[in-house]
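Here the sequence shown stands for residues 7 to 139, numbered as in the UniProt record's numbering.
C-beta atoms are modelled at their ideal positions from N, C-alpha and C, and glycine is treated no differently.
Just so it is clear, the structure is predicted and the values come from calculations on it, not from any experiment.
Encoded as structure tokens, the structure appears first; notes follow it.
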Amino acid sequence: TVFDCSIIDVSKVHNYAGNITVIENGINIPFDVKRVYYLYDVPGGESRGGHAHYELEQYLIAAGGSFDVILDDGKNRKTVNLNRPNLALHIVPGLWRELDNFSSGSICLVLASHKYDESDYIRDHDEFLEFKK
Ligand code: T46
């Protein structure tokens with residue numbers, strides 16, 4: 007359910023020259039990272055996502071700026087605002103997600119548990135609701 011998704015403080019190392027955040031398999035992420043991608047140059051007012059994954063687990067991070075993630079398990083909805091590079095939203099498999107309210111210049115960094123596979127996507131919301139029954 008959406009309540010299985012949590013915000014994890016992946017921590018940061020801070021010094022006079024700024025911050026660095028490190029995410030390492032087996033240390034501060036509950037799955038092995040197989041793929042990294044990032045969303046950027048999202049035009050004002052646009053939304054992304056609008057699908058669910060059967061198997062894929064993810065960490066979503068606002069590496070820059072901020073945006074909202076709307077999670078939906080077919081029964082419950084939850085909106086999470088991401089706005090700090092040291093905070094990761096852990097999205098468990100089987101949830102519908104939408105991303106919107108991207109601030110100008112924002113970057114959504116995604117760490118994913120599997121390689122790209124279009125057959126892992128449910129891109130139709132009615133089909134998603136059927137799957138969740
Ligand atoms: C997610 C959100 C947060 C590839 O060819 N390889 C890839 O690894 C990915 C992620 C996408 N693509 C292609 C597939 C589409 O033709 O890139 C195009 C855009 O992908 P999509 O419409 O799925 O983009 P978003 O931003 O709606 O969703 C992406 C991820 O697909 C998804 O896993 O959770 O970011």
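Between Asn87 and Lys18, the C-beta gap is not smaller than 8 angstroms, which leaves the two residues out of contact.
Looking at the DSSP output, Lys18 sits in no beta bridge, so it has no partner there. Assignment of beta-bridge partners to Ser12 by DSSP yields His96.
Judged by DSSP secondary structure, Lys81 falls outside any alpha helix (DSSP H); it is assigned neither H nor E. At least one heavy atom of ligand 1 sits closer than 7 angstroms to the Cβ of Val116.
Here Asn34 has Val16 as same chain residues with Cβ atoms under 6 angstroms from its own Cβ, once five neighbours each way along the sequence are excluded.
Asp10 places its beta carbon 8 angstroms or farther from that of Ser119.
When the beta-carbon positions are compared, Ser112 and Ser72 come within less than 8 angstroms of each other.
Note that the segment 50 to 58 does not touch the segment 20 to 29; fewer than 3 beta-carbon pairs, one per stretch, sit closer than 8 angstroms.
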